[in-house]
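Visitor: Under full-length UniProt numbering, the first residue of the sequence shown is numbered 1, with each subsequent residue one higher. Please read through the structure below; I'll follow up with questions.
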Amino acid sequence: MTSTAPETQRGHDAGDPLGEQPTSWQRRLRRFGHVPRPETSLRDRLDPPYTRPGRQVWSVLAIPPHVADRLVRWSAWGGPLLVTLVAGLLRFWKLDQPHAVIFDETYYAKDAWALVNQGYEGSWPKDVDKQILNDPSSVPIPTDPGYVVHPPVGKWIIGFGEQLFGFTPFGWRFMVAVLGTISVLLLCRIGRRLFRSTFLGCLAGLLLAVDGLHFVMSRTALLDLIVMFFVLAAFGCLVVDRDHARRRLAAALPVDEEGVLRPDARVAETLRLGRRPWRLAAGVMLGLAFATKWNGLYVLAAFGLMTVLWDVGARRTAGAVHPYQAVLRRDLIPAFFSTVPVAIVTYIVSWTGWIVTDKGYYRNWAATEGKDSSWSWLFPDWLRSLWHYENQVYDFHVGLTSGHTYESNPWSWLVLGRPVSYFYEEQTGCAESSTGKCAAEVLAIGTPLLWWLACFALAYVVWRWFFRRDWRAGAIACGVVAGWLPWFFYQERTIFLFYAVVFVPFLCLAVTMMLGAIAGPAAGTGARAELGLTTHDPTGERRRTLGAIAVGVLVLLIIWNFIYFWPLFTGTQIPEDLWRDRMWLDTWV
Numbered sequence: 001m002t003s004t005a006p007e008t009q010r011g012h013d014a015g016d017p018l019g020e021q022p023t024s025w026q027r028r029l030r031r032f033g034h035v036p037r038p039e040t041s042l043r044d045r046l047d048p049p050y051t052r053p054g055r056q057v058w059s060v061l062a063i064p065p066h067v068a069d070r071l072v073r074w075s076a077w078g079g080p081l082l083v084t085l086v087a088g089l090l091r092f093w094k095l096d097q098p099h100a101v102i103f104d105e106t107y108y109a110k111d112a113w114a115l116v117n118q119g120y121e122g123s124w125p126k127d128v129d130k131q132i133l134n135d136p137s138s139v140p141i142p143t144d145p146g147y148v149v150h151p152p153v154g155k156w157i158i159g160f161g162e163q164l165f166g167f168t169p170f171g172w173r174f175m176v177a178v179l180g181t182i183s184v185l186l187l188c189r190i191g192r193r194l195f196r197s198t199f200l201g202c203l204a205g206l207l208l209a210v211d212g213l214h215f216v217m218s219r220t221a222l223l224d225l226i227v228m229f230f231v232l233a234a235f236g237c238l239v240v241d242r243d244h245a246r247r248r249l250a251a252a253l254p255v256d257e258e259g260v261l262r263p264d265a266r267v268a269e270t271l272r273l274g275r276r277p278w279r280l281a282a283g284v285m286l287g288l289a290f291a292t293k294w295n296g297l298y299v300l301a302a303f304g305l306m307t308v309l310w311d312v313g314a315r316r317t318a319g320a321v322h323p324y325q326a327v328l329r330r331d332l333i334p335a336f337f338s339t340v341p342v343a344i345v346t347y348i349v350s351w352t353g354w355i356v357t358d359k360g361y362y363r364n365w366a367a368t369e370g371k372d373s374s375w376s377w378l379f380p381d382w383l384r385s386l387w388h389y390e391n392q393v394y395d396f397h398v399g400l401t402s403g404h405t406y407e408s409n410p411w412s413w414l415v416l417g418r419p420v421s422y423f424y425e426e427q428t429g430c431a432e433s434s435t436g437k438c439a440a441e442v443l444a445i446g447t448p449l450l451w452w453l454a455c456f457a458l459a460y461v462v463w464r465w466f467f468r469r470d471w472r473a474g475a476i477a478c479g480v481v482a483g484w485l486p487w488f489f490y491q492e493r494t495i496f497l498f499y500a501v502v503f504v505p506f507l508c509l510a511v512t513m514m515l516g517a518i519a520g521p522a523a524g525t526g527a528r529a530e531l532g533l534t535t536h537d538p539t540g541e542r543r544r545t546l547g548a549i550a551v552g553v554l555v556l557l558i559i560w561n562f563i564y565f566w567p568l569f570t571g572t573q574i575p576e577d578l579w580r581d582r583m584w585l586d587t588w589v
C-alpha cells in the first residue's frame, strides 16, 4: 500500500526537522522504543504536500526512479480520468433502456422539451407518454402555460440533451448521464485535494462510480442528480479557494535566518487575501443548485458558514491572536457578497425564459390580480409576479402530505429502509423461473454494502472531527448534514430516498477516509521514519499489510455488491426467483 492514509505525517522545513529538540528524558526513552510524535511545520500545516508512493513499490515493479516520477505526475489526472472512463461506460451502456417514461420523467422530460422550444413549460395532456415514445414528432408542444413547482435550471439541462438527440429516452437522459459521469471526475480530484493522495481520491471516485443510487439517478431524467452535481462542484471550488487562501498566508509570513516559516500575529490579522475567484465560482454553482431545486438553499447556508470557519482556522494557524475578529474585519463581508448575492442573481437569471416570453404560468399576475399591491411602485411587474409564483410553490411543497407507496422517512435513508421503484415490468411464460415469471425493475437504491459501511464511516468522521480537530472530517460532515438534515424539518411531507443522492459523494468521502485509516501510513512515513531511527519496522509492515488486505477486501465486496444488484439498477429482465433473492429486506418490495 502506498503512502495514502489521511493520518500520514507531513514533511518538515529544512533546519527544523521536528520543531523543538527532544528533552533528555525523551532521548533516554528512545532506548526502550519510545518515539515522540513529530510536529508538522507551519508551512506544511498551511499548505500540506501531496503524499507520494513509497520507493519500495517502484523497486518491486522494477521501474526506474525517473519513470516513477513521470508516472506519479501522470497519475494526478490519469488516475481520475481512468476511473471516470469506467463510470461513463457504465452509465451510457444502453442508456435508452428501459424504453419507457419512468417515474417522474413524465414531468421533467416534457417540461424540458417545452422549455427549450418556447421558453416556458406547457400544460401537457394526460396519457401522452405512449404517443411520445411511439412518435415524438407527432406530439405538439402545448402553448398553454403549465403550473410547475421547481425552478428551471435542471429542465434546461435535460432539454439540452433533447435538443441534441431528440424527444426520446436517450435524449432526456443524456445530460443527466453526462453530469453523473463528470461528478465522478470531480470527486476524484476533490478527494485527492482533501487527502493529499491520488490513490484515496481515485478510491472515492470509484466508490461513487459503483454506488447504485448515484448510478440509477445518472440514468434517469430527474432533478436531484443535477442538484448533486452543482453542490459537489461548489464544494470543490471552496476547497480550491481554501488552498489558495492558505498559500497566500504562507507566502506573506516571515521566514527566520534558518529558512523556517514563523507565525506572525500582525500578518495573520491584517493581511487581505485579495480576489478569490473560486469563491465566486462556488456562489454561481450554489445558485444553479437551488435554481434546480430549492433544497440547494440549505447547502448555500451550510457551505457559507463552513468557508468562513476555514478562514478562521487559517488565520489562527498563521498566528492570529484574535482570529474571529480578524475574519470579521477582513473576510466576512467579501465572503458574503461572493456567495449569497451571486447565488441569488444566478437564480433570477435562470428564469429568463419565463420572464421574456411573457406567457408562463403566473407571468402576468402583477398586472392582473396583483395590480393593487402597495409594492407596485417599487418593483417591476415581472419580479412581483415571480415572487407571487414562488410563494404559491412554497405553499405547495410544505402542504404536500398525500401518501405514496414509496415514501420514506429520512431516518431510514442511511440503512436504505425504503427504496423507490422507478419501473417494474413482469413477464409470464419464463421457463427459467420456478414461478414461470420474469421481472424487470429499475430500483433507486444505494449499493447496500457501501451505504451500511458509510454508517460506520460517518461515526468515524464525527469522532475525528471532534477529537482530532480534522478539518477534512468537518467538511465531509458538513456536506452530509447540508443534504440530509433539512429533510427532518419536513417529516410530514411526502419525501423519498432518492433525495439522498445530493450527499452521496460525501458518504463516499467518509468511507474513503475510514478506509485510509484502516490501511495506515506506508513504509517510510510516520514518527520513526521521520526521526531516522529505523529503516525496517516489522510491526509496521505487518500492520500495513493487514490494513491493505482489509481495505482491498472491503472494496472488492462493494464492487461485487454493485454487480449483484446490476439487474435492479438497469431494468434487466431476470427470473422472479433471482429478483426475490435480491429483496434483502421486506421493505424493498
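Each residue gets a CB set at the ideal place from its N, CA and C atoms; glycine is no exception. Just so we're clear, the structure is a prediction, and the values are computed from it rather than from any experiment.
Quick check on Met514: buried or exposed, where buried means 16 or more other Cβ atoms within 10 Å of its Cβ?
Guide: Looking at its Cβ environment, which holds 16 or more other Cβ atoms inside 10 Å, Met514 is buried.
Visitor: To the nearest angstrom, report how far apart Trp542 and Thr40 are at their CA atoms.
Guide: Note that residue 542 is Arg in the sequence shown here, rather than Trp. Answer to the nearest angstrom: the Cα atoms are 26 angstroms apart.
Visitor: Buried or exposed: Ser338, going by 16 or more other Cβ atoms within 10 Å of its Cβ?
Guide: Looking at its Cβ environment, which holds 16 or more other Cβ atoms inside 10 Å, Ser338 is buried.
Visitor: Count the other CB atoms within 10 Å of the CB of Pro49; is the residue buried (16 or more) or exposed (fewer)?
Guide: When all chains shown are included, Pro49 counts as exposed.
Visitor: Counting Cβ pairs, one atom from each stretch, are 3 or more of them under 8 angstroms apart for the stretch 241-248 and the stretch 270-286?
Guide: Enough Cβ pairs lie closer than 8 angstroms, so yes.
Visitor: Taking DSSP as the reference, what is the three-state secondary structure of Val231?
Guide: If DSSP states are grouped into helix, strand and coil, Val231 belongs with the helices.
Visitor: Which same chain residues, not among the five before or five after Asp264, have their C-beta less than 6 angstroms away from its C-beta?
Guide: Taken in chain order, the residues that qualify are Leu253, Pro254 and Gly319.
Visitor: When you compare each of Leu213, Glu121, Trp77 and Val178 to Ser421 by their alpha carbons, which one comes out closest?
Guide: That would be Leu213, whose Cα lies nearest to the Cα of Ser421.
Visitor: Taking C-alpha atoms, which residue in Pro140, Pro323 and Gly474 lies nearest to Phe235?
Guide: The candidate whose alpha carbon is nearest that of Phe235 is Gly474.
Visitor: Work out the CA separation of Val312 and residue 649 for me, nearest whole Å.
Guide: Since the first and last residues shown for the chain are 1 and 589, residue 649 lies out of range.
Visitor: Compare the Cα-Cα distances from Leu557 to each of Trp451, Leu507 and Gly483 and report the closest residue.
Guide: Here the closest residue by C-alpha is Trp451.
Visitor: So within the stretch 155-202, which uninterrupted beta strand (DSSP E) runs reach at least 3 residues, ignoring any that extend past its ends?
Guide: Taking only runs of at least 3 residues, no beta strand (DSSP E) segment lies wholly in the stretch 155-202.
Visitor: Hey, could you find the ends of the beta strand (DSSP E) Ala457 is sitting in?
Guide: Ala457 -> not in any beta strand (DSSP E); alpha helix (DSSP H) instead, spanning Pro448 to Arg468.
Visitor: Round the Cβ separation of Thr428 and Gly436 to the nearest angstrom and send it over; I've been treating them as touching at under 8 angstroms.
Guide: Sure, about 6 angstroms apart at Cβ, within 8 angstroms.
Visitor: Between which two residues does the alpha helix (DSSP H) holding Gln427 run?
Guide: Premise fails: Gln427 lies in the beta strand (DSSP E), Val420 to Thr428, not in any alpha helix (DSSP H).
Visitor: Please classify Pro486: does DSSP put it in a helix, a strand, or coil?
Guide: If DSSP states are grouped into helix, strand and coil, Pro486 belongs with the helices.
Visitor: Keeping to the same chain, check which residues put their C-beta closer than 6 angstroms to that of residue 605; ignore five residues upstream and five downstream.
Guide: What is shown of the chain runs 1 to 589, which leaves residue 605 out entirely.
Visitor: Given that a residue counts as buried once 16 or more other Cβ atoms are within 10 Å of its Cβ, and exposed if not, what is Thr143?
Guide: So Thr143 counts as exposed.
Visitor: For Ile574, does the three-state DSSP call read helix, strand or coil?
Guide: Residue state, collapsed to three classes: strand.
Visitor: At least one CB of chain B closer than 9 angstroms to the CB of Val553: is that the case?
Guide: The chain inventory of the structure shown lacks chain B, comprising one protein chain alone.
Visitor: Given a threshold of 16 other Cβ atoms within 10 Å of its Cβ, counted over all protein chains shown, does Asp211 qualify as buried or as exposed?
Guide: Asp211 comes out buried.
Visitor: Leaving out five residues before and five after Asp127 in sequence, what residues of the same chain have Cβ atoms less than 7 angstroms from its Cβ?
Guide: Result list for Asp127: empty, nothing under 7 angstroms.
Visitor: May I ask you to list the residues that DSSP assigns as paired with Glu441?
Guide: Glu441 is bridged to Tyr424.
Visitor: Taking the C-alpha atoms as reference points, what is the distance between Trp462 and Arg472?
Guide: The identity of residue 462 in the sequence shown is Val, whereas the question assumes Trp. The straight-line gap from Cα to Cα measures roughly 11 angstroms.
Visitor: Span of the alpha helix (DSSP H) holding Tyr324?
Guide: Taken as a continuous stretch (DSSP letters only), the alpha helix (DSSP H) holding Tyr324 covers Pro323 to Arg330.
Visitor: From this set, Arg315, Cys237, Glu258 and Phe303, which residue's C-alpha is nearest Glu269's C-alpha?
Guide: When each option's Cα is compared against that of Glu269, the closest is Arg315.
Visitor: For His150, count neighbouring C-beta atoms within 10 Å of its own C-beta (all shown protein chains included) and say buried if the count is 16 or more, exposed if not.
Guide: Result: buried.
Visitor: Quick check on the burial criterion: 16 or more other C-beta atoms within 10 angstroms. Buried or exposed for Leu546?
Guide: Result: exposed.
Visitor: Considering only the alpha carbon of each residue, which of Asp104, Thr512 and Trp294 lies closest to Tyr394?
Guide: Considering only alpha carbons, the answer is Trp294.
Visitor: Using alpha carbons as the reference points, say which of Asn117, Thr405, Trp411 and Gln97 lies closest to Leu164.
Guide: The option with the nearest alpha carbon to Leu164 is Asn117.
Visitor: Going by C-alpha distance, which of Arg192, Arg193, Arg219 and Phe160 is nearest Thr181?
Guide: Closest option to Thr181, Cα to Cα, is Arg219.
Visitor: According to DSSP, is Leu212 part of a helix, a strand, or is it coil?
Guide: Here residue 212 is Gly; the residue named in the question, Leu, does not match the sequence. DSSP places Gly212 in helix when its eight states are reduced to three.
Visitor: Measure the CB-CB distance between Leu222 and Glu105 and report whether it falls below 9 angstroms.
Guide: The answer is yes: Cβ separation under 9 angstroms.
Visitor: Would Ser408 and Leu497 be called neighbours here (beta carbons separated by less than 9 angstroms)?
Guide: Yes, Cβ-Cβ distance for Ser408 and Leu497 is below 9 angstroms.
Visitor: Which residues in the same chain have their Cβ closer than 7 angstroms to the Cβ of Pro486, if we skip the five residues on either side of it in sequence?
Guide: Excluding residues within five positions, the ones whose Cβ falls inside 7 angstroms are Asn295 and Tyr298.
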